[in-house]
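*Asks:* Quick one: the structure is below, and I'll ask about it shortly.
Numbering (the working numbering), first residue to last: 4 to 287.
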C-alpha cells in the first residue's frame, strides 16, 4: 500500500477540502440518499417518468462527486490519480482471484433468482427488496438510462469511496492496518445505502469491504470498477414482467360513468380525473 498518502499534509493546500469531502461521504451521503429515494418512492406509483427522474439525479450526483474529487487532487501537492488507484494493477493476488470468483457466482445465481420473480413475491416483506424492486427499469428508455447509471456507479463510487475515501483515511491514520481500511470503507459504503434498511446496509457494506480488499490487493481501482459495474448491470437481465407491478404501470380501467365524469363540461372545467404531471422541482 505504498501508493497511499501517509499524512494529511499530502493533500495540502486542499487538506481541509479533502476532510470535508470525506466527512460528506460518511455523514452527508446517507442523508442525501435517504431524502432522494423517499421522494422517488412517494412518486413512483403515480408520476410518469419517476424512474428517469431518479436516474438523472443519480448521474448528476455521482459525476458531481467525481468532479469534486478531481478538483481536490488537482490542487493537492502530492495526491493525484495514482494515489487514488487510477492506474494499472500491480498484481492480481489470491484475494482478488477469490473475490472475483465469488462475485461472478453470486451474480449469476442472483440473476437466476431475480428472473423467477423473487422481488415481486417477497418485496412487501423487506425494505431492501422493496427499495431494489422499485429502482429497477421497466421500459426500454428506462433500461438504457439504467445502464448508464450502473456504469457510472461502478466508475464513480470506486474512485470516490475506494480510491479517495481510503486515501483520506490512510492520511488520517497511517498506522491503520489493511483490514482496518477495508472495514472502514465497507462501513462508509453501507451507510450510503441506508435508504435500503438494515439488510441493505449490511449487504452493501460487505460488498464495499470486498471491493476495498480487491483494491488494496491490486493497487488499482480498475478491477473493482469492472466488478462493481458487472454487479449493477446484472439487473438488465431481469425482465420487467417479473418485477413488482408486472413491469408496467397501466391506468385502471374506467367505467362509462367515470369516462363521462372525466370529460370537461361545457364551461371547459376539468373533470375529477384530469391530473397534472408532478413537478419534481418541488416536493410531491
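Beta carbons: idealized from backbone N, C-alpha and C, even for Gly.
Whose CA, out of 62, 39, 4, 110, lies closest to the CA of residue 150?
*Replies:* Taking only the C-alpha atoms, the option nearest residue 150 is 62.
*Asks:* Once the 5 residues before and after residue 259 are set aside, which same chain residues still bring their CB inside 7 Å of it?
*Replies:* The predicted position of residue 259 is uncertain, since its pLDDT is 43 and thus under 50; a value taken from the coordinates is nonetheless stated next. The answer is none, since no qualifying residue turns up.
*Asks:* Hey, which unbroken runs of the alpha helix (DSSP H) at 4 residues or more fall wholly within the segment 171-247?
*Replies:* 181-194, 200-221, 225-236
*Asks:* Mind checking which residues open and close the alpha helix (DSSP H) that includes residue 5?
*Replies:* Per DSSP, residue 5 lies in no alpha helix (DSSP H) segment and is marked neither H nor E.
*Asks:* What is the DSSP secondary structure of residue 139, reduced to helix, strand or coil?
*Replies:* coil
*Asks:* Suppose you measure from the CA of residue 254 to the CA of residue 137; what does that come to, to the nearest Å?
*Replies:* Because the pLDDT at residue 254 is just 40, under 50, the model does not fix this residue reliably, and the value given afterwards should be weighed accordingly. When rounded, the distance between both Cα atoms is 18 Å.
*Asks:* Along the chain, which unbroken stretches of the alpha helix (DSSP H) at least 4 residues long are found entirely within the segment 65-92?
*Replies:* none
*Asks:* Return the CA-CA distance between residue 157 and residue 49, expressed in angstroms with no decimal places.
*Replies:* The C-alpha of residue 157 lies about 30 Å from the C-alpha of residue 49.
*Asks:* Under a three-way DSSP split, which group does residue 144 fall into?
*Replies:* In this structure, DSSP gives residue 144 a helical state, which the three-state scheme calls helix.
*Asks:* Have a look at residue 210 and residue 189 and give me their C-alpha separation to the nearest angstrom.
*Replies:* 7 Å
*Asks:* Is it true that the CB of residue 8 sits closer than 8 Å to the CB of residue 173?
*Replies:* yes
*Asks:* Return the chain-ordered list of same chain residues with a C-beta closer than 6 Å to the C-beta of residue 16, the five sequence neighbours on each side being excluded.
*Replies:* none
*Asks:* Given a cut-off of 8 Å on the beta-carbon distance, is the pair residue 118 and residue 241 in contact?
*Replies:* Cβ distance < 8 Å, so residue 118 and residue 241 count as in contact.
*Asks:* Out of 64, 43, 66, 65, state which residue places its alpha-carbon closest to the alpha-carbon of residue 55.
*Replies:* Nearest to residue 55 by C-alpha distance, out of 64, 43, 66, 65, is 43.
*Asks:* Rounded to whole angstroms, what is the Cα-Cα separation between residue 232 and residue 13?
*Replies:* 30 Å
*Asks:* Just to confirm, is the Cβ distance from residue 235 to residue 98 under 8 Å?
*Replies:* no
*Asks:* Considering only residues of the same chain and omitting the five flanking positions on each side of residue 167, which have a CB-CB separation below 6 Å?
*Replies:* 72, 87
*Asks:* Could you check what DSSP says for residue 20 in three-state terms: helix, strand or coil?
*Replies:* helix
*Asks:* What is the rounded straight-line gap between the Cα of residue 58 and the Cα of residue 179?
*Replies:* The straight-line gap from Cα to Cα measures roughly 37 Å.
*Asks:* Check whether the Cβ atoms of residue 123 and residue 246 lie closer than 8 Å to each other.
*Replies:* Judged by their CB atoms, residue 123 and residue 246 are nearer to each other than the 8 Å cut-off.
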